[in-house]
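Visitor:
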Amino acid sequence: MTVTLLVPMKPPHVGKSRLRGALASPVSPGSPDGAGMRAAEVHTSLVLALARDTVSAALDTPGVDRVVVVTGDVDALTPLAELGAEIVDDRGAPDLNTALRAAEPLVRAPCGVAAGPPGAGGDRGVVGALQADLPALRSSDLAAALAEADGRRAFTADRHGTGTTLLLSAPGEPLAPDFGPGSAHAHARSGAVALTTAAASLRSDVDTPSDLRHARTLGLGPSTTELLGRAGAVPAAAHRPEG
1 MTVTLLVPMK PPHVGKSRLR GALASPVSPG SPDGAGMRAA EVHTSLVLAL ARDTVSAALD
61 TPGVDRVVVV TGDVDALTPL AELGAEIVDD RGAPDLNTAL RAAEPLVRAP CGVAAGPPGA
121 GGDRGVVGAL QADLPALRSS DLAAALAEAD GRRAFTADRH GTGTTLLLSA PGEPLAPDFG
181 PGSAHAHARS GAVALTTAAA SLRSDVDTPS DLRHARTLGL GPSTTELLGR AGAVPAAAHR
241 PEG
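Residue numbers (full-length UniProt numbering): 1 to 243.
#1: Ignore the nearest five residues each way along the sequence and tell me which others in Thr61's own chain have a CB closer than 7 Å to its CB.
#2: Applying the 10 Å Cβ sphere with the 16-neighbour rule, what's the burial state of Glu104?
#3: Give me the Cβ distance between Gly92 and Val3, rounded to the nearest whole Å; I'm assuming they're in contact under 8 Å.
#4: How big is the Cα-Cα spacing for Ala76 and Ala149?
#5: Indicate the three-state DSSP secondary structure (helix, strand or coil) for Ala198 in the structure shown.
#6: Taking the continuous alpha helix (DSSP H) assigned at Ala99, which residues delimit it?
#7: Run through DSSP, which three-state label would Leu5 get?
#8: Select from Leu46, Leu220, Thr156 the residue whose C-alpha is nearest the C-alpha of Leu195.
#9: Assuming Val55 is part of the beta strand (DSSP E), what are its boundary residues?
#10: Whole angstroms are fine: how far does the CA of Thr54 sit from the CA of Val206?
#11: Can you tell which of Gln131, Thr197, Ser183 has its C-alpha closest to the C-alpha of Gly163?
#12: Looking only at its own chain, which residues have a Cβ that is under 7 Å from the Cβ of Leu48, when we skip the five neighbours before and after it?
#13: Count the other CB atoms within 10 Å of the CB of Val14; is the residue buried (16 or more) or exposed (fewer)?
So this is what it looks like as structure tokens:
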């Protein structure tokens, strides 16, 4: 059974608006005079760092065959492609759910050409949606969630119990995403199984400065750790442990 994870992302310069101003201006790499980055560059760099650590952990997870980032700005996400992720255009999708529904047939069909809806006799693999803001994510925690799902349509709630950080389809069946406020309850109402063994690293998405501080206590991935270090905000547990 194959597992493909879709990672939806707004363009980095517009996404994660509640994190604007969360970091001081880091010193630009290679700057001879120690010049700092502009505020807009800091924000874009932070969003990309969160995504790099998320995607890296997902790519290293046993059982995950593909990681496909769905975005409205393909060129801006070249750093994720360099990690090994596939990048697909969301074709102007107005929201996350629309972007996921548009991308799902593409990743299920041979050669990336949608031949029909999920469940119509095509690919029998699992398709999942993973949030792009899980900088403390550990591959072993994601693997444990996949194992617990065991072929069932399932989801992991965020640490507040209201949002969703991971949604998995049953093999060959529609993902049927319903992200938004209260998405954990929406996914449960639609029949998805709530995963109970999910560790903190999979539940700790970052939307606010407070969320970032919490993720730091778990141990961040290298990209976010490096950026925070340049901003003078060295994490309490730098470089999350492997596994």
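Glycine residues also receive a C-beta, built at the ideal position from the N, C-alpha and C atoms.
Model, not experiment: these values are computed from the prediction.
Guide: Here's the rundown:
#1: Ser139, Leu142, Ala143
#2: buried
#3: Not confirmed; about 27 Å, so no contact.
#4: 33 Å
#5: coil
#6: 96-108
#7: Annotated three-state conformation of Leu5 is strand, per DSSP.
#8: Thr156
#9: Not the beta strand (DSSP E): Val55 falls in the alpha helix (DSSP H), residues 39-59.
#10: 11 Å
#11: Ser183
#12: In its chain, beyond the 5 residues on either side, Pro12, Pro79 have a beta carbon closer than 7 Å to the beta carbon of Leu48.
#13: exposed
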